[in-house]
Each structure stands twice: as C-alpha cells, then as structure tokens.
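Residue numbers (the numbering used here), protein chains in the order written: chain A, 8 to 346; chain B, 185 to 475; chain C, 124 to 397. Every residue, glycine too, gets a C-beta built ideally from N, C-alpha and C. Treat the numbers as computed from the prediction; the structure is a model and nothing was measured. Working notes for the structure below.
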Amino acid sequence: MSPQGRLALVLGGLAGLLVAVAAAALFIGSAPISPGAVFGAVTGRAAAESVERVVTLSIRLPRIVVAALAGGALAVAGVAFQALTRNPLAEPSVLGISGGAAFGVVIGQSFGLGLTVVQAVGLTGFAFAGALLAAAAVYLIAAVGRAVIQIQTLLLAGVIVGIFFASAITVIISLLDFNRLGGVIHWLLGNLAPIPPGALGLFALLLAAGFGLVLSHARELNLLALGEESAQQLGVNAERLKLMIFTGAALLTASVVAFAGPIGFVGLVVPHTLRMLLGPDNRLLVPTSLVGGAIFLLVADTVARNVVAPAELSVGVITSFCGAPFFVYLLRTRYRGAL
Amino acid sequence: MRAPALAVGVLLAVAPPAAAFSARDMLGREVTLAAPPARIVSLVPSVTEILYALGAEERLVGVTDFCDYPPAARQRPSVGGMVNPNLEAIVALRPDLVIATTEGNREETFAQLERLGIPTYLVAAHLVSDVTDLIARLGALTGRERAAGPVLARLERRIEAVKRAVAPRPRPRVLYVLWPEPLIVPGRTALVTELIRLAGGEPVTAGEADAYPRYSLEAAVAKAPEVILLANHGANTGPIDETKWQRLTSLPAIHAGRLHRVDGNLLHRYGPRFVDGLEQLARAIHPEAFK
Amino acid sequence: MTALAEFRAVGFAYPASAKYRARPFRLADLSFAIAPGEIVGVIGPNSSGKTTLIRLLTRVLEPGEGEIALEGKRLRDWGRAALARRIAVVPQGVSREFPFTVEELVLMGRYPHAPGRYFENPADVRAARAAMDATGVLDLAPLALASLGGGETQRAIIARALAQEPRLLVLDEPTAHLDLRYQAETAALLRRLNRQRGLTVLLVSHDLNLAAEVADRLLLLADGRVARLGAPAEVLDEALIASVYGCAVRVDTDAGTGPPRVRLLYGRGVAGHV
C-alpha cells in the first residue's frame, strides 16, 4: 500500500478511537452522575446550574480536551526530537525545556507573589517564560561562535541545561516553606486540570503553530537520516531545518509544560509504538503521533483521576508506570524503528 | 398618624428581599452568598474541627482525607487531599461555600472553584488571636454565634490557667522539632512558636522567617536548647527516632534528660484542640508546675 | 563546448584547529573544468583535498577565494534544489542504523524536483523505479537497506542519485570497502551510464587503477593543489606519483591496449627507504 494509503487508514482508525475514548471519558468520573444525565448535559438539555452540567461541561470536557491536546503535542515533539537528534532516547524533557518551565513555576509558586499577581500573569506565564529561557539557552550554547549547529552539542546543551534547572529547583524546594511545598511538588508531578476556554484557545493556538512547523518539515526530516551533508546535497537547507524543528518542538513542549506541568514518557512511548507499526517515515509518524499521543494521555488521565477516587493520582505517575516497562520491552526486542 | 406607618409598611413590602449574605474572609476578600451557607465543604482539617466544636456539623457536607477529628468527621464524604481535592467530588456535593486555607491548599484550587461559580472563604492563622478570631468567624458564618461564646470562654480559661502556672518560672530555651529529616522548625509566624511562649518557654527558632522553615542541625545545636520537643504526627507516621538526638550529649537538654515527645496534631492545626497542645507543652517544659 | 562545471582559482581553508593538524589544511589555486559527457577521476593522497572538492562543488562549503561555476552560472546563484537537480552525490555509504527500505531511499532522490510536495507523486515513483532498474536493484525495492550487502547497498545509493536525474554524477570513493567483484561491477555501471545516458561523472577515488580504468581524464591533487590534469597516461607518471604519494611505484602500460596500471613497489626500488 502506498504511504498515503497507509496514513489515511491508520489516521482514520486512530481518529475513530480518539472519539470513542473521549466520549467514554466523559462518562467516567468521581461524581456519581448517570450516563443519561451526562448525555443530557452534553445535548444541552440539563438545567443551567445542575451538577451534571457543571461536572460534564466545566470539569470533564475541558480536562479531556487538555489531555488530548497535551498528549498529541508531547508525542509530536518526541518524534521531532528523535528525528532531529537521530537518537531514539530523545524526548521532550531531554532538551531541558521542561526543566526551565518547572523552574518558572516553582519561582512563581514559592514566592507566592500574592494571589492576585499570580492569577493575573498566571503560573502558565511563568512556566512559559522559564521554558523559553531554557530553549534559548540550549540553542545559544550550541550555536554561539559557530556557523553550524552540531546536533550532539545541542543534545549535550539540553542535558546540561536540564540538570541546571533541576538543581535550581531542588535548591528552592529545600528552602521552601513547608506549607507551600505540597503545592510545588504536586505541580512537578504533572497534573492535568480543566482550563478556562480563553486559555484553552491560546493553548490550542500555540500547539497548532508548533505542530505546523514540524509537519511542514516532515519530509526533510526523513532526508536527515542520510546525514546532514547528504541532505544538503539533496537540496535541504539543513541549518534552517534544524532551527525550524527545534523551534516547533520547543514550542510544543513549552506550551504543554506551561499549561499542564511536566509529563514524561509520552514523547517516548507513542512515537516508538507507532514506529513499530508504521516504520520510520516521519510523514506518517508526525500526524499519527498527534492522534496517538492524544489517546494515550487521555487514557492515562482517565485512569489517574478515577482509580483511587476521590483522590487523584498525577497523570505523570501513570505515564511513567506505563512507560518504564514498555521501554524495557523496547530495549529487549529489535524493532525497525531504529534511527 | 397612620400614614407614616402605612408608608413604611408599603416600603417594606416592596423593598428588595433581605440583603444577600456577605462576609469578609481572613484575607480581606468579600464573599457574597444568596443566603447563609447551608452546605459547606471544608478543605482544612482545623476548620472541620472547629465546625464540630461549634455544633455546626450538619451544615458540613464534605471534608478532606485529613479531616480525622472528631472521629465523626471521617464519616463525612471526602473530596480528596488538601493539595489535590477532586473538583468533581466537590461539585457533586452542591456546596454553597468552600472553606480553604492559603497554608495547605493551592491557589489553583481557589481559581478553579471560582470559575465553577463556587464561593470560597479563605482562612489563615498564625497566632492564638487568629485562632479565636477564626472560631468567632465560623460561628458567624454558620449562625452558631451563641455556641462560639462558651467555646471561646473555655479556651480562654485554660490558657489563663497555664499562664498562671508557668508565670513565676524561668524560661528555658526550647527547640521544637516539627520534622527531623530534613530538620524543620517553627519560625516567626507559626502558631507553635506563640504556644511555646505561653507555655513558659523561649522558642529558639522564633527569629526565623516563615512558618515552618528548614534549619540546620548545627544551628540548632548552637542554640544550646535546654528542652527539646519532638513532634509526632499521628499513628501513620511511625515512631520518632530519638537516638540521633540522644547522641548530642553536649546539649543541655540531653544532659538533663529533657527530650520529650508531643502530639503534633494538637499543635500544628489551629482548631480548638490547640489548648490541649498548649497544656502538653507546658507539662513538658515545666513538669514541676503540674504535679 | 562550454564546461559543465568549472573551478577558477578556488581556494579554501578549514578553520584552523590545532588539535587536528600541524598546519591548517588549505586548497589553493584550484582551476579545472569538467566537460559535459566526460568521466573525470580525482586522485591524490588522503587529505589532498578530494572530499573538500566535492563539498565545494555541492555548496556544502563556500570557497574562500575564486569562483565555481555550473553551466556557466556562479554556484552561489543556484538555488539548493535546482543544484540538486543537476548534481547528485553518491557518498561512501549510509549509517548502519539507516531504517528505510531501498525504495524509500531512492525516492528521497526525488526531493529536489518538488521540495514542497508532502508525498511523492506517480511520476516520482516511476522515475525511482527506472533508476532502481538501471542499477539492478529493482527487486530489492521493498527490503530494508540495512539488510543488504556492500555491493547491493552501493547500487541502491547510486540509484538514489540517478533518481535525481542529474547531469553530473559525483561519486566519493565508490569502491572503498567493496569486494573486487563489486569494483568491477561499479566500473562497468559507470561506463554504461556515461555511454548510454551521456551522464557526466566525477569520480573521487584513492584507487588509482580504478580511476585510470574508468576515467577519460585524471586530476591529481597534492597538498591542496593541482599536481597534474590530463589523460591517464600523462598523469600516471612514475616520478610524479612517487613524489606525490611518497613511495616507489612502477607504471605498466600494456602497449596500446587499456589504461596504464600502477604497481606499488613494496620496499624495493628508487628511494631505498627501507
């Protein structure tokens, strides 16, 4: 089957699965609401201030949307980083961006700059600023004084920046007042929460921009497997490609960490699973990872918020629990997806 | 002569309904409700304790996993932890007010509740006066002002009794260990600091900023405390390891064998049991006064 | 006849890196032209500048001095994709973890024809299959490249270059690491492509005899400069080769039939360096 055919088939299947999972997630939650009531809320027949309407439309639905968007973004960022660095271990958090965002949030939370200031700028703003700072640092370390960005230098710079911010976070935590500690640690575990429509729109916009950048260069990413020199000799502007991919993936990562906290493993599990199914062609991996990542995180989050209800587990815990054994499995089997 | 009365009568009849219930919380925020709150969710164990003490528990529809006193509170529906309460569970209880604290709950939670149209009443207490204030406020909030009076009076009497007992005695230097590893001590804005003073001790870490800052063991040793109090946190946090402290034989407290355990639950919460904690402190610091 | 590609007094120096060399490497005053339809072999010792030459020709590097022209137009005035439609490079190999199939590899050669296209169109697929057919790897199309042997891999890479439909095919050490048999095959393939399609070929090789066998002209580089440019018989001169490569050689010519053959004199002969 031609690649177009395979893409259409898998994408269609995944999209159907996403709709089904999202619909199911709408019916599952800690508030005891009957399926009929949920259905009524969705079709607009529930009373304005009724519990089912508030829970279904203001809590569950936004959270489902966030989970799907964040999961898709993280998976696409994973594909992009893996192709860019030609390293199967590359993951959004490897390039230090999550660390920067986490640092921004910890600063915002711990100096507790008064309820109003934090609300106005939003922890999201702090996280985004931190993420951009980290991304800029990584890029500059790899780029300054050179005409050409070496991928290995980029990876190293990412690791170093990540470690630096992780240490900075530890320092702050160790000095932090006991009462604020719980909140900061809670954020660091990665939690999805319903986001108001305005913020959700902004989130979706940022993700669309990042996704667009990566998708439009998917074909060139394939050529990068030949080596930068060969890719250039085929007509690819390698420097520009690296910059575009890095920017796109950084934008995706920064947005997710800012709005949802640091969530790991999605960028590793989803691309590699799809690579086993579809092969290494990034033109197939990028769009299918978007939907596949959405499904994965949505399922993980639904489990996280229901398995020990009314308490909630952090979604980051679920993805790690799932991700670690899967990673071991990957390491032990050969797969065509080697980069 | 009847006209003015008639006029007033008409005015009263057409006047708008009784003013909406409004209160100012401990952060100075104006909280407005349609009526006095009848369905309250408490995200603060201390608040839960106070509501029971005031006899207002029938208005309490939801609590956290940590609201374990009085035992009856554990029967109430739980909405999760203090840091990550479950929004759905809260909404499903249809509360008209959520009481939360800035010391233990997250700002994100207040923001979410606001967006869902659920009013939040925020509290915070650092001093004994804050605690009595909180009891009075909750009394007003739940229409139990008449119960608040006697509760406060009893607390006041017991505090006075302790103060009288310890007044003539010299004040030993007291090190309070909230948590041993990492070492966490009460600072300037912790309730425990004031309670130690009331119990006739001199809290050595009172100069530190914040409520519960970290502290180095060295600095603690340098303060040469004459009494060391180790706080335990209830049945599920295991026995306190005293050996580490017993080894510091140079400390006056260890030399004199004045290493005691106290019940942290009584001293870190700002409910009515703080006086039980106060009495426990006083007995540990000045045992001779209570023979 | 206008040259297909021309180097005019080209100079280039890698940024000085003290770790790597005692003195920085330089290409200097490089001038030569490649006529359409000819096969030019570039020979010389390692680090004489052979690979640098390819990089300059394909704009991976920019010359510090001089000019390079393709079809009469300055190289820097060519767009990247347009250049890739004219010049195709066959590198020494691909990385061991290359994950794609032969067909996917060859299709990559179609990129310069429509960089904006997401998937290749039927015309691209036809061109790729024709290229695979020309190098005899068509039936290997669905196989993973990593599963092929050295010779087949080489032919697949050449097919990718052919899929670019270039006018000039550049090969960088095509027979390094290949068995003798494949060396003969490669030579035959290049000659066939040159004769049947008029494909101009630039072949960089450390194998003097292969170059002499295949090429119409040889360019001998030494220390970043042109040591000699001309027919194999002119360039493969014993004294010249000995001085450029620093060892004793004998050049045999089977009178009239075939190209000169270079024989290394192991430890015997002229300079007596043993």
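Selection from the options that minimises the alpha carbon distance to residue i
i      : options                        : result
G78/A  : I302/A, L196/A, A211/A         : I302/A
T316/B : D394/B, L375/B, A207/B, D252/B : L375/B
L198/C : L179/C, H329/C, G187/C         : L179/C
F46/A  : P39/A, L33/A, S57/A            : L33/A
S223/A : L325/C, F242/C, E194/C         : F242/C
L337/A : V276/A, R247/A, A149/A         : V276/A
R445/B : R453/B, A466/B, G455/B, F294/B : A466/B
L281/A : S296/A, F172/A, V273/A, G274/A : S296/A
A143/A : G106/A, T131/A, V112/A, G115/A : G106/A
R290/B : L250/A, G190/A, G330/A, V335/A : G190/A
N332/C : V324/C, Q215/C, R315/C, A356/C : A356/C
P220/B : E233/B, L244/B, S230/B, G212/B : L244/B
V411/B : P254/B, V358/B, V405/B         : V358/B
Cβ-Cβ distance between residue i and residue j below 9 Å
i      : j      : result
V307/B : M266/B : no
L259/A : V83/A  : yes
V312/B : L238/B : no
V282/B : T304/B : yes
L294/C : I281/C : yes
M210/B : A349/B : no
P294/A : A108/A : no
G274/A : L81/A  : yes
F210/A : L76/A  : yes
S237/A : V248/C : no
V145/A : L102/A : yes
G164/C : A345/C : no
Residue environment, residue i, which counts as buried when at least 16 other CB atoms sit within 10 Å
i      : result
R330/B : exposed
K428/B : exposed
H439/B : exposed
K196/C : exposed
E129/C : buried
G20/A  : exposed
L318/B : buried
V37/A  : One detail in the question is off: residue 37/A reads as Ser in this sequence, not Val. Answer is buried; the Cβ neighbour count reaches 16.
P397/B : buried
T50/A  : exposed
I157/C : buried
K475/B : exposed
P138/C : exposed
T380/C : exposed
Separation of residue j from residue i, as counted between CA atoms
i      : j      : result
L122/A : R70/A  : Only weak support exists for where L122/A lies, its pLDDT of 48 falling under 50; the value from the coordinates is given anyway. Cα to Cα, L122/A sits roughly 23 Å from R70/A.
N270/B : L228/A : 43 Å
P366/B : L435/B : 20 Å
A204/B : R60/A  : 25 Å
R290/C : A204/C : 14 Å
A216/A : V306/A : 25 Å
N317/C : L292/C : 9 Å
T286/B : F185/A : 12 Å
A345/A : T389/B : In this prediction, A345/A scores a pLDDT of 46, lower than 50, which makes its location untrustworthy; no coordinate-derived value is stated.
L241/A : A136/C : 24 Å
L206/C : G197/A : 48 Å
V335/A : A29/A  : 29 Å
I252/A : Q89/A  : 11 Å
G132/A : L325/C : 56 Å
R247/A : G219/A : 15 Å
L414/B : A437/B : 12 Å
>> Under 9 Å, CB to CB, which of the residues in the stretch 202 to 233 of chain A have a partner in chain C?
In response: Cβ contacts with chain C: L222, S223, A225, R226, E227, N229, L230, A232, L233.
> At a Cβ cut of 7 Å, what residues of the stretch 183 to 197 of chain A count as close to chain B, listed as they run along the chain?
Replying inline: Within the stretch 183 to 197 of chain A, the qualifying residues are D184, F185, N186, G189, G190, H193.
> Going along the chain, which residues of the stretch 44 to 68 of chain A sit with their C-beta nearer than 8 Å to a C-beta in chain B?
Replying inline: Going along the stretch 44 to 68 of chain A in chain order, one finds E56, V58, V61, V62, S65, I66, R67 with a Cβ nearer than 8 Å to chain B.
> Which residues, taken in chain order from the stretch 356 to 370 of chain B, show a beta carbon closer than 9 Å to some beta carbon of chain A?
Replying inline: Residues passing the 9 Å Cβ filter: L362, W363, P366, I368.
>> Please list, in chain order, the residues of the stretch 22 to 46 of chain A that have any C-beta partner in chain B closer than 7 Å.
In response: Answer set for the stretch 22 to 46 of chain A: G36, S37, A38, P39.
>> Counting only Cβ-Cβ distances shorter than 8 Å, please list the residues of the stretch 259 to 290 of chain A near chain B, keeping chain order.
In response: For the stretch 259 to 290 of chain A, the set of residues with a beta-carbon nearer than 8 Å to any beta-carbon of chain B is empty.
> Along the stretch 389 to 403 of chain B, what residues have a CB closer than 8 Å to any CB found in chain A?
Replying inline: Listed in sequence order: D394, A395, Y396, P397, R398.
> Using a beta-carbon distance cut-off of less than 7 Å, what residues from the stretch 237 to 256 of chain C approach chain A?
Replying inline: Going along the stretch 237 to 256 of chain C in chain order, one finds P238, Y241, F242 with a Cβ nearer than 7 Å to chain A.
> the stretch 237 to 251 of chain A: which residues have C-beta closer than 8 Å to a C-beta of chain C, in chain order?
Replying inline: Cβ contacts with chain C: S237, Q239, Q240, L241, G242, V243, N244.
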